[in-house]
Amino acid sequence: MSHVLRLENITMQFGGVVAINDLSMHIDQGEIVALIGPNGAGKTTAFNCITGVYEPTNGAVYFNDQCIVRNQPTGRMKKLYAGDNRTPCEGPRIAMTPDKITKLGIARTFQNIRLFKSQSAFENVLIGMHLRRTSNPFSATFRLNLQEEKQMRQQAMELLEIVGLGAFAYEKATSLPYGQQRRLEIARALATQPRLLLLDEPAAGMNPQETDELGEFIVRIKDDFKLTVFLIEHHMNLVMDISDRIYVIDFGRQIAHGSPAQVQDDPEVIRAYLGEEEA
Amino acid sequence: MKKSTRMIIGFLLLALLFLAVWLIERAMGTNSMVITVLKKGAVYALIAVSMNLLNGFTGLFSLGQAGFMLVGAYTYAVFTIPMAKRMAVYQYYQGGIIQFEIPFFLAILLAGVVAALFAALIGMPVLRLKSDYLAIATLGFAEIIRAIIQYDKLGPITNGSNLLKTYPTFTTVLFPFVVSAVCIGIILLLIHSTYGRAFKAIRDDEIAAEAMGINLFRHKQLAFVVSSFFAGVGGALLAMYQGTVQANAFKSAMTYEILLIVVIGGMGSVSGSVMASFLFIACSEWWMRFLDSELMIGTFKVPLLRSGFRMVVFSILIMLVVLFYRRGIMGDRELSFDMFRRRKGVASK
Amino acid sequence: MIDKLLPCLLSGVSVGGQYALIAVGYTMVYGILRLINFAHGDIFTAAGFFMVYLAASLPLSLSLPLVILLTVALGFAVERVAYKPLRSAPRMSVMISAIGVSYLLQNLMWYITGGLAKQYPVIPWLSTSIAIGPTSTKIVTLFTPVLTIILSVALVTLIRRTKIGMAMRAVSRDFETARLMGIKIDSVISATFIIGSFLAAVGSVLYFSNYTSVTPTIGAMPGLKAFVAAVFGGIGSIPGAVIGAFVIGICENIIKMLGYTTFSDAFTFALLIVILLFKPTGLFGEKISEKV
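Right, dumping it as C-alpha cells:
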C-alpha cells in the first residue's frame, strides 16, 4: 500500500539523549494527521527529521515511496546507540538537504515563527515561489523572465488573499500581529506548491475564536490545494475537531494511535498528560 | 508617480550627473584634486557595492575582496602592457612569456572573469563554513593569492614582486563613471530579481530559507562569484587609476577599508555604498589633507598636526560611526523619490 | 640535513611558543564572546612599541612590568570602549568594530612612529647566544617554549580551580543563563581581555627580542596565524591553541628551510581551510548545534 509519508523506526539521538525512540508512522493522501504529546516529547524533532534539518540516528523516511532520509548508527554512535529497535536500518545512507525535500513537495511552518524579518509579507511569499522558477540568474537579472515574474507576483498576491492578508501585503512581516504571522508562514509554505504540509503548532498563542477559524482554514486549504496535512498542536479542541487520526508520543516513544475518539479514552494518553497517581 | 516615469527621471538625473562630471573635468583640468577624488570614488563605489552584495545582501561575512581585486588588477595589467614596453617592465624575466596584448575593454572583462573563476574555486570549500570562519578563511585566501602572485617562479607571467606599469590608464574621468554605473546597474537588477530576494532570505534566516527550497550553497556561490566578478572589474579600474600595480599593496587593510565604507553607507544599501565611497575618498584624499601638514599661526605651531594625523582622526570618525551610528548613512534603504516625498510630508504609497 | 633541521626545529618551537601566547588571547575571547578579536594582533604590536619607548628612558627592571601593565590597560580599554556598547548588537557589528579598532590602532601607531621601523631594545639575558651542538641560538629561543608551557598550565589551573575561572566557563557555555545565575558578565569579559593582553605582552617581549624591529603593521600576520592556531586546536580550548601554535610554528619553519619562504604565510591559511573542511571543531573543540 502506498502512503504519502512513512516513517520507519526513526530514532534520533543527541549524544546520549534519545529524543525520538523507534517511531514508525504513516500518513495517507488527503488525511489530516496530528502528532501530540507533552512538552519535550520530541514532536518538533520528528518534523526536523522529516524535513532534513536533523539526520536521524537510525531509521528511514519515505515520501510517496521515495526514500528521502535513511541512516544507521555509525562510528561513535554505534556504541552510544540506545534506541529500542536494535536492528540497524538496512540500505545505503540517504540524507537529502531541506531544500531538496521541499522541492519534492513537503513544506513546513516553524514553532518559533521564522519569517524573513527585513521583508514585506508579499516578499516573504514571493521567496516561497523561488524554488519553482524556470529562470536562471542571467535571464532573471536582465529581465528576460518578465512573464514568469508577473505570474509569481500574481500568485503570491492570491495566496495572501487566501490567508486573509491581502490588505497587509506591503507591511513588514515582523510588524504583523502574532496570529497573522502564523498565517503568513502558512501562505509562504503554500507558495512552494507542496503535496504535504507540516504545521508546527499553528494555533500557538491564538484565542479560542481564532483557533476555531484556523481549524476551518486548515480544512479548506487542504481541500483546495489537494494537500495532506501533518500537524503538531497543543489545542486539543482543534486537534480533535479536524484530525482524521492522531499519534501520541511521550519521551520520544509512540504511546497511542487512532481516531480522536480512541485516543481520548486511551489510559496511556491520560497518564502521559495528567501524570500517574501514586499508589 | 508611475514606475516608467520614475525610471525616465532616474536616467535623466544620471545623465545630468555625467554631464556635470564632464563639465567639471573641462573646467578644472585632469589633475585637480576634485577629479582625483571623482575617479577613485567611482572605482571604490563599484568595489564597495560588490562587497555589499555579499556582506549586506546575502549576509556572508567575507573578507576576500582585496584578493579578488588583486586578481582583476593583475589580469588587466598583464594583458594590456604594450608589446614594445614588455622588455622594460619584465626586465628580470626577459620580457615575460606573454607576448601579446588585448584591447583594454576586453582586458577589463577578462579581469572580472578570472576573478570570478577564482571565486568559484575558492567558494566550493569556504562557503560551507559558518559566518566568522568564513571571514577568516576568505581573508586567508586573499593572503594565499597574494603570496602566489609574488612567487618568483611565476615571474614570467606576474613579474614576481615587481611593479607592473605602462598599461593603458584613464584618459577621462567619465570612463570609470560609466563602467561603474553600468556594473552597479547590473548588480541592482540582480538584487531586485527573484535571486536577489533569495539572497536576502538567506541573510534573514538561513534555516527558513532552506526550508523554502532555496539551495543555500548554490545561491551563496552565485552571490560570491558575481561579487568577485565585479571586484575583479573594480581591481582592473583601480589599476588603471593608479597607473602601476604591485601585489604587496592588496593587503587585508584594503579589504577592511572597503568593509568600513560599506558599513558607513549602510549594510544592504547600494546607494549608501556609493555615497560612502565618494565621502570616504574625499575625506581621506582631500578634505582632511591639511591634518597631515604642520601649520604655523604666527609663531604658534598648531600641535598634533603632522604626517599620519589625518588617518588617526579619520579612523576615530569611523569608530564613532561603527559604535553610535551603526546603521550608517542609509541603513538598508535606498535613495528613492519616495524618500523625498515622505520628507515633505506627502503621504506615500 | 641534521645541522639544518635542528635550528629549524628550534626556531619553529620558539615561534610556535610566541604564537601560542597570542593564540590563547584569541581563543579565550572567542570562547566567551564568539568574537574574532581582530585588534588582538595590534595590541601585541602596541606592546612592542611600549617597550621601545619606555626602555629609552627607564631601566629594564621598570620598563618590563610597565609594558605589561600598559598593554593590559589597552586591552581592557578596547573592550570597554569598542565591544561593550555592542553587547546586544548582531555579532557582525562587533566584528566590524574589532576591525575598526585594528584600523585605528595601526593608524595611531603609524602617526606616533612616523611609519618608521623602531629598533627593539636588547634585553640582556634573553638575547645572549648559547651553543647547542653544532649550532648557536639566542636564549630566548629555548626560553620561549618553556615559559609558554608554564603560563598555559597556570592559566588552565586558574580556569579549572578558581571562582573567576568557573565563571568564565559558565559564561562561555551559556551567556544568558550565566547572567541569570548572577555572574557579573562584564567583569568576566574584562578578566578575559586582561589575561589575553597580559599573555600578548609577554609574547611580544619574546617575539621582538628575536626579530628586533617593530613596525605598525607587524602584528597583523602573527595575529592571524595565532587565530588559525586557535581554530586548529579547537576554538575555546587553551591546550588546543597552544598545541596548534606549536604545529604552525614548526611547519612554517620547515617550509622556510625547504626554500618556499613566499608560501610560509599561505601555508597557515591553507591549513586553516583544510581543518575547517574536515574537522571544523578542531582538535579539542566541542560541537555546537543550532536549535530549530
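Protein sequences, first through last, are from chains A, B and C. Take the first sequence: its letter number 251 is residue 251 in my numbering, and every next letter is one higher. Here my numbering = 1-based position in the second sequence + 1000. Here my numbering = 1-based position in the third sequence + 2000. Every residue, glycine too, gets a C-beta built ideally from N, C-alpha and C. Here the structure is a predicted model, which means the values were calculated and not measured.
- Among the residues facing chain B, residue 98 of chain A is included, as its CB has a counterpart in that chain under 9 Å away.
- Identification of chain A residues near residue 1326 of chain B by a Cβ-Cβ cut-off of 9 Å yields none; the smallest Cβ-Cβ distance measures about 15 Å.
- Using a CB distance below 7 Å, the part of the segment 2109 to 2122 of chain C facing chain B consists of 2110, 2111, 2114 and 2115, ordered along the chain.
- The beta carbon of residue 266 of chain A sits closer than 7 Å to those of 256, all from its chain and outside the five residues before and after it, given in chain order.
- Apart from the 5 residues on each side of it in sequence, residue 1309 of chain B sits with its Cβ closer than 8 Å to the Cβ of 1291 and 1292 in its chain, given in chain order.
- For residue 1215 of chain B, the C-beta contacts it makes with chain A under 7 Å involve 99, in order along the chain.
- Annotated as proximal: residue 1057 of chain B and residue 1196 of chain B, with beta-carbon spacing under 9 Å.
- In the DSSP assignment, residue 67 of chain A falls within the unbroken beta strand (DSSP E) covering 66 to 71.
- Within the segment 1074 to 1090 of chain B, no residue places its CB atom closer than 7 Å to a CB of chain C.
- Counting only runs of 3+ residues, no beta strand (DSSP E) is found wholly inside the segment 2161 to 2211 of chain C.
- When the beta-carbon positions are compared, residue 1069 of chain B and residue 1254 of chain B come within less than 9 Å of each other.
- The beta carbon of residue 1079 of chain B sits closer than 6 Å to those of 1102 and 1107, all from its chain and outside the five residues before and after it, given in chain order.
- Within chain B, the residues whose beta carbon sits less than 9 Å from that of residue 2082 of chain C are 1319, 1322 and 1323, listed in sequence order.
- Between the C-alpha atoms of residue 38 of chain A and residue 248 of chain A there is a straight-line separation of about 9 Å.
- Beta-bridge annotation (DSSP): residue 1300 of chain B is paired with B:1297.
- Minimum Cα-Cα distance from residue 2184 of chain C among the listed residues C:2164, C:2029, C:2012 and C:2030 corresponds to C:2164.
- In the DSSP annotation of this structure, the continuous segment of the alpha helix (DSSP H) that includes residue 1122 of chain B starts and ends at 1104 to 1126.
- Contact of residue 2265 of chain C with chain B is assigned, a C-beta pair being separated by under 9 Å.
- For residue 2224 of chain C, the closest Cβ of chain B is nearer than 9 Å.
- When the beta-carbon positions are compared, residue 1125 of chain B and residue 1137 of chain B come within less than 9 Å of each other.
- Taking CB atoms only, residue 1226 of chain B has a neighbour in chain A less than 9 Å away.
- Residue-level contact check: residue 2183 of chain C does not touch chain B, since none of the beta carbons of chain B fall below 9 Å from its beta carbon.
- A contact is defined here as three or more CB-CB pairs under 8 Å, and the segment 2263 to 2273 of chain C fails this definition with respect to the segment 2037 to 2045 of chain C.
- Interface with chain A (9 Å Cβ-Cβ cutoff): residue 1212 of chain B is included.
- Here residue 194 of chain A is actually not in contact with residue 160 of chain A; their C-beta atoms are around 17 Å apart, not less than 8 Å.
- Scanning chain B for C-beta atoms nearer than 7 Å to the C-beta of residue 128 of chain A yields 1212, reported in chain order.
- For chain A, none of the residues of the segment 1239 to 1263 of chain B brings a beta carbon within less than 7 Å of one of its beta carbons.
- Separation of the CB atoms of residue 1135 of chain B and residue 1252 of chain B is rounded to 11 Å, and the pair is thereby denied contact status at 8 Å.
- Interface with chain A (9 Å Cβ-Cβ cutoff): residue 1006 of chain B is excluded.
- With distances taken between CA atoms, residue 1152 of chain B lies nearest to B:1093 out of B:1287, B:1093, B:1128 and B:1026.
- Taking a 10 Å sphere around the C-beta of residue 1277 of chain B, we find 16 or more other C-beta atoms and assign the residue as buried.
- Annotation: residue 1330 of chain B is outside any beta strand (DSSP E) and is labelled neither H nor E by DSSP.
- Between the segment 1236 to 1252 of chain B and the segment 149 to 167 of chain A, the count of Cβ pairs shorter than 8 Å is below three; the stretches do not touch.
- For residue 1143 of chain B, the neighbours in chain C by C-beta distance under 7 Å run, in chain order, 2265, 2266 and 2269.
- Taking the beta carbon of residue 1024 of chain B as reference, no residue of chain A falls within 8 Å; the closest one sits roughly 32 Å away.
- Taking a contact to require three or more Cβ pairs closer than 8 Å, the segment 168 to 188 of chain A and the segment 132 to 146 of chain A do not qualify as touching.
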